[in-house]
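What follows is a single structure, written as structure tokens, with notes after it.
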Amino acid sequence: MSLTQLDPDTARLATSVKEKPTLTADKLSRMLQVTTEDLANGRYRKLLYRFLADQIPIISSCIWTWSRLSSAPGQFVLENPDRQGESRAKERLDRLAERLFTNGTGNRVGVSTMLPELFTSLYRDGIIGGFLTVLPDGSGVDRFLPIDALHLRGEQAEAGPRLVFDNGERTIPLDRTDFYYLALTNSISEPFGRSILHAVPFIAYIEQQLIQDLQRAQHNAGYSRLHVKITPPERMAGESDNGYTDRINRYFDATVSMIRDCEVDDNPVTWDNVTIDYIGPEQARGVTNSWFINHRALIEDICAGTNLAPFLLGYSYGATTTWSNFKFDIVMRQVRSVQAQMASLLEWIGNIELALAGSDSRCRFQFDNTFAYQAADSIGIESKRIDNLLRLYQAGLIDESAARERACRML
Numbered sequence: 004m005s006l007t008q009l010d011p012d013t014a015r016l017a018t019s020v021k022e023k024p025t026l027t028a029d030k031l032s033r034m035l036q037v038t039t040e041d042l043a044n045g046r047y048r049k050l051l052y053r054f055l056a057d058q059i060p061i062i063s064s065c066i067w068t069w070s071r072l073s074s075a076p077g078q079f080v081l082e083n084p085d086r087q088g089e090s091r092a093k094e095r096l097d098r099l100a101e102r103l104f105t106n107g108t109g110n111r112v113g114v115s116t117m118l119p120e121l122f123t124s125l126y127r128d129g130i131i132g133g134f135l136t137v138l139p140d141g142s143g144v145d146r147f148l149p150i151d152a153l154h155l156r157g158e159q160a161e162a163g164p165r166l167v168f169d170n171g172e173r174t175i176p177l178d179r180t181d182f183y184y185l186a187l188t189n190s191i192s193e194p195f196g197r198s199i200l201h202a203v204p205f206i207a208y209i210e211q212q213l214i215q216d217l218q219r220a221q222h223n224a225g226y227s228r229l230h231v232k233i234t235p236p237e238r239m240a241g242e243s244d245n246g247y248t249d250r251i252n253r254y255f256d257a258t259v260s261m262i263r264d265c266e267v268d269d270n271p272v273t274w275d276n277v278t279i280d281y282i283g284p285e286q287a288r289g290v291t292n293s294w295f296i297n298h299r300a301l302i303e304d305i306c307a308g309t310n311l312a313p314f315l316l317g318y319s320y321g322a323t324t325t326w327s328n329f330k331f332d333i334v335m336r337q338v339r340s341v342q343a344q345m346a347s348l349l350e351w352i353g354n355i356e357l358a359l360a361g362s363d364s365r366c367r368f369q370f371d372n373t374f375a376y377q378a379a380d381s382i383g384i385e386s387k388r389i390d391n392l393l394r395l396y397q398a399g400l401i402d403e404s405a406a407r408e409r410a411c412r413m414l
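Counting in this note's numbering, the sequence shown runs from 4 upward without gaps.
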């Protein structure tokens with residue numbers, strides 16, 4: 004049968020297949036199938052983490068809080084500056100911070116925008132990585148190109164485990180000088196990082212079930228429901244079966260119509276053979292309180308699974324200010340440890356920029372974790388330091404030059 008003998012739709016489909024053959028069933032099945040390798044390299048676990056972070060508010064808030072606390076303002080600081088080229092080296096590092104990262108639209112947005120994205124991927128996926136490019140003339144660093152963590156996987160090589168780039172079409176080993184990666188909480192068993200959401204999926208599933216149960220229960224409890232019980236009237240003497248059935252059905256229909264037509268300010272009037280009961284929880288407040296306590300316990304488990312204190316998301320439950328400050332200090336200590344890893348990446352980039360400029364100086368990246376609420380405490384600490392310095396000088400324990408040197412370090 005030729006194409007002209009087919010109906011128009013079938014003919015167009017056959018022509019399209021002939022011009023551009025489709026995949027066979029075997030190839031399509033292999034492409035859609037979840038293989039053992041996919042499960043081993045963690046790709047589908049990363050997809051699960053991203054789904055949870057996008058769809059569950061408490062997990063999204065945890066990732067947002069961790070990444071924003073870590074993305075404190077920072078700057079490059081010269082370690083051993085060359086006095087003659089110090090200003091030039093500092094200027095190059097400042098320009099590097101402005102052009103280092105390009106967003107999806109092609110705008111040069113710099114380090115301040117790159118850090119939140121990298122920290123978000125680091126906490127959510129457990130690993131980040133990217134390539135460093137240089138300017139065409141080799142005079143300096145151009146930008147840092149992050150790689151989607153879904154394309155990163157580990158494999159066993161002769162020298163040990165190594166990271167590779169795999170986009171489904173090609174595989175590139177990443178043990179090269181222009182590539183840098185950071186792994187969160189890496190260990191011997193998990194050398195390429197572990198997401199902070201690793202312990203969350205099971206408890207998050209239970210929490211979502213509780214939310215669904217509440218939605219169904221509140222939907223029913225939100226509308227007043229009445230149960231009308233009608234006792235059929237007694238049968239009259241000499242009344243036929245059909246006549247009795249028609250009479251009680253008419254009485255039933257009239258009662259139902261009256262209940263349905265009752266306005267908000269109307270009261271139903273019936274014979275004493277009609278009983279109207281309310282259907283709903285007898286102790287609505289107790290049910291609500293019980294649900295709130297159960298849900299709060301699950302929320303606290305999710306926060307604990309992400310290593311985050313619940314009070315940072317608004318779940319303080321009446322904690323005192325002193326206790327909250329103590330817990331916040333614990334969280335900030337964890338933030339600083341992760342910031343130290345990110346600083347190593349930025350220092351690697353900054354030192355390459357200085358080397359390409361022919362400078363012998365080295366740099367470090369310093370995060371500024373000061374907060375407005377700590378201003379009063381910081382002022383008090385500085386005042387005590389100055390008082391102690393004056394007392395040491397007045398007691399003759401240090402001379403004027405030593406006092407001036409210490410005072411300069413406090414500024």
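Where a beta carbon is used, it is the ideal one built from N, C-alpha and C, also for glycine.
Alpha carbon to alpha carbon, how far is ARG173 from MET4? Give it in angstroms, no decimals.
Low confidence applies to MET4: its pLDDT is 49, below 50, so where it sits in the model is not reliable enough to give any reading.
C-beta contact flag for GLY109 and GLU101 at 8 Å:
no
As assigned by DSSP and simplified to three states, the class of ASP145
Three-state result, ASP145: strand.
Do LEU187 and ARG179 have their C-beta atoms within less than 8 Å of each other?
no
Report yes if the C-beta distance between PRO76 and ASP390 is below 8 Å; otherwise report no.
no
Whole-angstrom distance between PRO84 and ALA307, CA atom to CA atom:
44 Å
Around the C-beta of PRO24, are 16 or more other C-beta atoms found within 10 angstroms, so that it is buried, or is it exposed?
In this prediction, PRO24 scores a pLDDT of 49, lower than 50, which makes its location untrustworthy; no coordinate-derived value is stated.
Own chain residues within Cβ distance below 8 Å of VAL203, not counting five before or after:
LEU55, ILE62, ILE305, GLY308, THR309
If you run the structure through DSSP and keep just helix, strand and coil, what is ARG88?
The sequence given here places Gly at residue 88; Arg does not occur at that position. Coil.
Taking C-beta to C-beta, are ASP181 and LEU135 nearer than 8 Å?
Closer than 8 Å, so yes.
Give me the Cα-Cα distance between ALA152 and ALA360, rounded to the nearest whole angstrom.
Computed Cα separation, rounded: 32 Å.
Among the residues of its own chain, which have a CB less than 6 Å from the CB of THR105, if the five just before and after it don't count?
ARG111, ARG146
Can you tell me whether GLY353 is helix, strand or coil according to DSSP?
helix
Which of the three DSSP states is assigned to LEU81 in this structure?
strand
Proximity winner among GLY141, ALA162, ILE209, relative to VAL303 (alpha-carbon distances)
The sequence given here places Glu at residue 303; Val does not occur at that position. Selected option, being the one with the closest Cα: ILE209.
Using a threshold of 7 Å, is the CB atom of ASN372 nearer than that to any non-hydrogen atom of the ligand SAH?
In the structure shown, the ligand SAH is absent, as is every other ligand, since no ligand is present at all.
Here's the rule I'm using: 16 or more other beta-carbon atoms within 10 Å means buried, otherwise exposed. How should TRP2 be labelled?
Residue 2 cannot be examined here, being either before or after the span of the chain that is shown, 4 to 414.
Exposed or buried, what is GLU237 when buried is set at 16 or more other beta-carbons lying within 10 Å of its beta-carbon?
Around the beta carbon of GLU237, fewer than 16 other beta carbons sit within 10 angstroms, so the residue counts as exposed.
With which residues is THR155 paired in a DSSP beta bridge?
According to the sequence displayed, residue 155 carries Leu and not Thr. Its beta-bridge partners are PHE168.
Assuming the contact rule is C-beta atoms closer than 8 Å, ARG127 and LEU200 should be a hit. Round their C-beta distance to whole Å, please.
7 Å
Span of the alpha helix (DSSP H) around LEU121:
114 to 128
C-beta atoms of LEU103 and ILE130 nearer than 8 Å
no
Would you verify that the beta carbon of TYR47 is, or is not, closer than 8 Å to some beta carbon of chain D?
In the displayed structure, chain D is absent; only one protein chain is listed.
Contact set for CYS366: own chain, Cβ-Cβ below 7 Å, skip 5 residues either direction
PHE79, VAL80, LEU81, GLU82, LEU96, GLU350, GLY353, ASN354, LEU357
Run of the beta strand (DSSP E) containing PRO60, from where it starts to where it stops
No beta strand (DSSP E) contains PRO60, which is instead part of the alpha helix (DSSP H) from 60 to 73.
In the DSSP assignment, find the alpha helix (DSSP H) that holds ILE251 and state where it starts and stops.
244 to 263
PRO149: which of PRO139, LEU177, GLN159 sits nearest, CA to CA?
LEU177
Taking only the alpha-carbon atoms, compute the straight-line gap between ALA405 and MET413 and give it to the nearest angstrom.
13 Å
Quick check: GLY143 and PHE195, are their CB atoms within less than 8 Å of each other?
Against a cut-off of 8 Å, the Cβ pair of PHE195 and GLY143 comes out as no contact.
Between the Cα of TYR396 and the Cα atoms of ILE384, ALA410, SER386, GLU385, which residue gives the shortest distance?
ALA410
Going by DSSP, name the residue or residues bridged to GLN218.
In the DSSP output, where bridge partners are listed per residue, GLN218 has none listed.
According to DSSP, simplified to helix, strand and coil, what is LEU35?
Annotation note: pLDDT 46 at LEU35 (below 50); position unreliable, coordinate value reported separately. If DSSP states are grouped into helix, strand and coil, LEU35 belongs with the helices.
Residues bridged to PRO176 by DSSP?
VAL167
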